[in-house]
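Engineer: Got a structure for you, written out below as structure tokens; questions coming shortly.
Number of protein chains: 2
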Amino acid sequence: MLNARLTFAVALTLATSLLSQAQVSTAVDPLPSWNRGPTKAAIISFVERVASEGSPDFVPVSERLATFDNDGTLWAEQPIYFQLAFVLNRVKTLAPQHPEWKEQEPFASVLNGDLKTAASGGKKALAELVMATHAGMTTEEFEKVVIDWISTAKHPQTGRLYSEMVYQPMLELLAYLRANGFKTFIVSGGGIEFMRPWAERVYGIPPEQVIGSSIETKYELRDGIPSLVRLPRLKFFDDKEGKPVAIHHHIGRRPTAAFGNSDGDYQMLEWTTAGKGLRFGAIVHHTDAEREFAYDRESHIGQLAKGLDDAKSKGWTVVDMKSDWNQIFPIAR
Amino acid sequence: MLNARLTFAVALTLATSLLSQAQVSTAVDPLPSWNRGPTKAAIISFVERVASEGSPDFVPVSERLATFDNDGTLWAEQPIYFQLAFVLNRVKTLAPQHPEWKEQEPFASVLNGDLKTAASGGKKALAELVMATHAGMTTEEFEKVVIDWISTAKHPQTGRLYSEMVYQPMLELLAYLRANGFKTFIVSGGGIEFMRPWAERVYGIPPEQVIGSSIETKYELRDGIPSLVRLPRLKFFDDKEGKPVAIHHHIGRRPTAAFGNSDGDYQMLEWTTAGKGLRFGAIVHHTDAEREFAYDRESHIGQLAKGLDDAKSKGWTVVDMKSDWNQIFPIAR
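Listed below in structure tokens is the structure:
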């Protein structure tokens, strides 16, 4: 009888436990592409602590701000920055209108497909390429050019549209944060007007929440039509120390959470996590040579050294793409 | 019998008409401080046309953006810009730390209460006063200074707090637009960091939706603490042609509606209302010498001439403060 009672009690406990596990597992996982483990747990714990009323770490909705780098954090950046692929494409498209480019570096090398020689001109050559392809038209004309390119251009290795080279786990993270009252922002070294035309469709981030590098524009009447004309002059370079400056200029508040992948994001994470109250900083570490690309300290693009060195002492979470993500890109449609 | 029927029909019609009037008048008026008339009707018609699904002028929520000038549009600007009152107050407060100001213009005249001589130095003198009072500290220190001032400083003529010198009809308009899915922005010639600390409390506009003039900031570690330090160097002057440029830089989309009061807002209204689809541009005309101030073409502050000349041909609504508003400032608490 005692045994029977005990057996019954054990069975009941077991059943209850199984039932409660079943309930947990039937609750919708907001981050299905993230494997269970400390990284996913850290994200969920942070969000629950800042978003739960009565929590000692509660943050009002108006102050729940999350900033994301773009290249290497929300979408891939290898083998070259995607915006550079856009630049090279534009040089080829515009070449017939610029016969002088055949003789003029860095354009001549780009047209000959010799990127090494083109790149030997360093930052000056790059700036020339950017200005020749990004300036001289109205903002509306440039927007159209970007939309045409992003709708058709494909990644040289995967054959996917560049807009499909975004990270599925980060799309889930953006949606999860927004579902918990966060306003999500892009804070990228890439061009602000290169990202805005598609960031809302691809990431759900509207133009006014996209921050990036920019060139000057000028207001004028063109044939009587009010226009903003893009000038070949750098306005702001949104990288490293520039990121906290741009965040302050555009947002005016310190983010609650910041996500990056390279040392260009170091100051953004530093500024964010130095704020009062609970903050969250995370670095996406490119560790998966098979499904994406593996690079960090020695990489030409997205170099990550200081961030790795200091992540532990700064309390930043390092996302290991290989072990933390069960999927990299969205399933192709 | 015919008469009886007729009488009954008339009575019924009358009753129905009275009932329908009663229903209309019991519906809550979203703009109670606006008198009935063409101005109020134009605002409500615009909002209903862009916000009603199925309307040929329907605008999706994500594109419903309204920009507002601040000085003279959302709050008063006489007898001097309120930010200038802040500057003069800061010069006096900081004077003990700057004994050299006793001999140095324009500071000496400000300290002697001789604003005419101080102003004789023109823009250069004004810039010196602004930089001496707005730069040299961290962004957080400056925010605190602004909050201290706005919480205590009073208008010399009304004795009200400056934050109570806001226009009640415009507060109602901001709320009405937001209730209809609009995102509301400030686009002011005033300092972006002078407005952000109180704009959310006073106008319901969060810092990331406040655009204005700015000085440069620099990211650095101060005693190991990540800081943004304000530098005595103009970054952007958000007036006239600058307003469409700033709107594009911060928002990245053309507003659906824009509200200003001076020729400094001309290009913002021009840019806004030149967009495709239904747009709305309005100018607040200061016509009420008794309850506020009356000024336009010849005014030193908030000069309005070109805007008045062109409003009709541009299709802009001119708000006549005297006849369109039954209340100017919020009822004092």
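Protein chains in written order, with this note's numbering: chain D, 549 to 881; chain X, 549 to 881.
Glycine is no exception: its CB is placed at the ideal position from the N, C-alpha and C atoms.
If you follow the alpha helix (DSSP H) that residue 871/X is part of, which residue opens it and which one closes it?
Structural biologist: Start and end: 869-872.
Engineer: Out of curiosity, what's the CA-to-CA distance linking residue 570/D and residue 628/D?
Structural biologist: Here residue 570/D scores only 45 on pLDDT, less than 50, and its place in the model is too uncertain to base an answer on.
Engineer: Could you name the residues of the region 786-812 of chain X whose beta carbon sits closer than 7 angstroms to any beta carbon of chain D, in the order they occur along the chain?
Structural biologist: Answer in chain order: 789, 792, 793, 796, 797, 798, 799, 800 and 801.
Engineer: Less than 8 angstroms between the CB atoms is what I'm expecting for residue 642/X and residue 681/X, so what's the real figure, rounded?
Structural biologist: Contact flag correct, Cβ pair sits at about 7 angstroms.
Engineer: Does residue 625/D pass the burial test, meaning 16 or more other C-beta atoms within 10 Å, or should it be called exposed?
Structural biologist: Buried, by the Cβ-count rule.
Engineer: Using a Cβ distance threshold of 8 angstroms, determine whether the region 778-794 of chain X contacts the region 813-828 of chain D, with at least three qualifying pairs required.
Structural biologist: Not touching, per the Cβ criterion.
Engineer: Would you check if there are 3 or more beta carbon pairs closer than 8 angstroms linking the region 853-871 of chain D to the region 646-663 of chain D?
Structural biologist: Judged by Cβ distances under 8 angstroms, the region 853-871 of chain D makes no contact with the region 646-663 of chain D, as fewer than three pairs qualify.
Engineer: Assuming residue 737/X and residue 761/X make a contact with CB atoms under 8 angstroms, what is their CB distance in whole Å?
Structural biologist: The Cβ separation is near 6 angstroms, so the contact holds.
Engineer: In chain order, what residues of the region 818-831 of chain X put their CB closer than 7 angstroms to some CB of chain D?
Structural biologist: Flagged, chain order: 818, 819 and 822.
Engineer: What does a CB cutoff of less than 8 angstroms around residue 588/X pick up in its chain, not counting 5 residues either side in sequence?
Structural biologist: Within the same chain, residue 588/X has close Cβ partners 579, 582 and 872.
Engineer: On the CB-based measure, 16 or more other CB atoms within 10 Å of its CB, does residue 700/X come out buried or exposed?
Structural biologist: Looking at its Cβ environment, which holds fewer than 16 other Cβ atoms inside 10 Å, residue 700/X is exposed.
Engineer: Below 7 angstroms on C-beta distance, what does residue 815/X contact in chain D?
Structural biologist: Those within 7 angstroms of residue 815/X in chain D are 767.
Engineer: Three-state secondary structure (DSSP) at residue 582/D?
Structural biologist: Of the three classes helix, strand and coil, the one that applies to residue 582/D here is strand, per DSSP.
Engineer: Which one of 767/X, 746/X, 880/X and 842/X has the shortest CA to CA distance from residue 631/X?
Structural biologist: The shortest C-alpha separation from residue 631/X is found at 746/X.
Engineer: Run through chain X and tell me which residues come within less than 8 angstroms of residue 578/D, C-beta to C-beta.
Structural biologist: Chain X residues near residue 578/D: none, gap ~23 angstroms exceeds 8 angstroms.
Engineer: Using CA coordinates, which residue listed in 663/D, 811/D and 705/D is at the minimum distance from residue 852/D?
Structural biologist: Nearest of 663/D, 811/D and 705/D to residue 852/D, Cα basis: 811/D.
Engineer: Going along the chain, which unbroken runs of the beta strand (DSSP E) with 3 or more residues stay wholly within the region 777-816 of chain X?
Structural biologist: 805-808, all fully within the region 777-816 of chain X.
Engineer: Please state whether DSSP places residue 568/X in a helix, a strand or coil.
Structural biologist: Note on residue 568/X: pLDDT 48, under 50, position unreliable in the model; the coordinate value appears next. Reduced to three states, the DSSP call for residue 568/X is helix.
Engineer: I'd like to know if the region 785-792 of chain X and the region 763-770 of chain X are in contact, where contact means that at least 3 CB-CB pairs between them fall below 8 angstroms.
Structural biologist: At 8 angstroms Cβ cutoff, the stretches do not touch.
Engineer: Report all residues from its chain with a CB closer than 8 angstroms to the CB of residue 707/D; omit the five preceding and five following residues, and keep chain order.
Structural biologist: Correct list: empty, nothing qualifies.
Engineer: Given a limit of 8 angstroms on CB to CB distance, which residues of the region 590-605 of chain X reach chain D?
Structural biologist: Of all residues in the region 590-605 of chain X, none has a Cβ within less than 8 angstroms of some Cβ in chain D.
Engineer: Would residue 550/X be called buried (16 or more neighbouring beta carbons within 10 Å of its own) or exposed?
Structural biologist: Any reading at residue 550/X must be qualified, since the residue scores a pLDDT of 44, below 50, and its modelled position is unreliable; the value itself is stated next. By the neighbour-count rule (16 or more Cβ atoms within 10 Å), residue 550/X is not buried but exposed.
Engineer: How would you call residue 879/D, buried or exposed, if buried means at least 16 neighbouring beta carbons within 10 angstroms?
Structural biologist: Exposed, since its Cβ has fewer than 16 Cβ neighbours within 10 Å.
Engineer: Could you name the residues of the same chain whose beta carbon sits closer than 6 angstroms to that of residue 764/D, not counting the 5 residues immediately before and after it, in chain order?
Structural biologist: Cβ within range, chain order: 779, 781 and 783.
Engineer: Can the beta-carbon of residue 802/X be found less than 9 angstroms from the beta-carbon of residue 613/X?
Structural biologist: Yes; because the gap between Cβ atoms is below 9 angstroms, this pair is in contact.
Engineer: Can you pull out the residues from the region 665-688 of chain D whose beta carbon lies closer than 8 angstroms to at least one beta carbon of chain X?
Structural biologist: Here the close residues are 687.
Engineer: Once the 5 residues before and after residue 718/X are set aside, which same chain residues still bring their CB inside 6 angstroms of it?
Structural biologist: Taken in chain order, the residues that qualify are 622.
Engineer: Is the CB-CB distance between residue 805/X and residue 594/X below 9 angstroms?
Structural biologist: Yes, they are a contact pair.
Engineer: Along the alpha helix (DSSP H) that carries residue 714/X, what are the first and last residues, could you check?
Structural biologist: Note, residue 714/X: premise wrong, no alpha helix (DSSP H); not H, not E.
Engineer: Tell me the residue span of the alpha helix (DSSP H) that contains residue 763/D.
Structural biologist: Here residue 763/D belongs to no alpha helix (DSSP H); instead the beta strand (DSSP E) covers 758-770.
Engineer: Cβ of residue 733/D within 9 angstroms of Cβ of residue 798/D?
Structural biologist: Their beta carbons are under 9 angstroms apart, which means residue 733/D touches residue 798/D by this criterion.
Engineer: Reducing DSSP to helix, strand and coil, say where residue 746/D ends up.
Structural biologist: Residue 746/D falls in the helix class under three-state DSSP.
Engineer: Would residue 758/X pass as an interface residue toward chain D - the criterion being a Cβ-Cβ separation below 9 angstroms?
Structural biologist: Closer than 9 angstroms: yes.
Engineer: Hey, residue 543/X and residue 599/X are a contact pair by Cβ (cut 8 angstroms); roughly how many whole angstroms apart?
Structural biologist: With chain X running from 549 to 881 in the structure shown, residue 543/X is simply not present.
Engineer: Hey, is residue 491/D's beta-carbon within less than 9 angstroms of any beta-carbon in chain X?
Structural biologist: Shown here, chain D extends from 549 to 881; a query on residue 491/D therefore has no answer.
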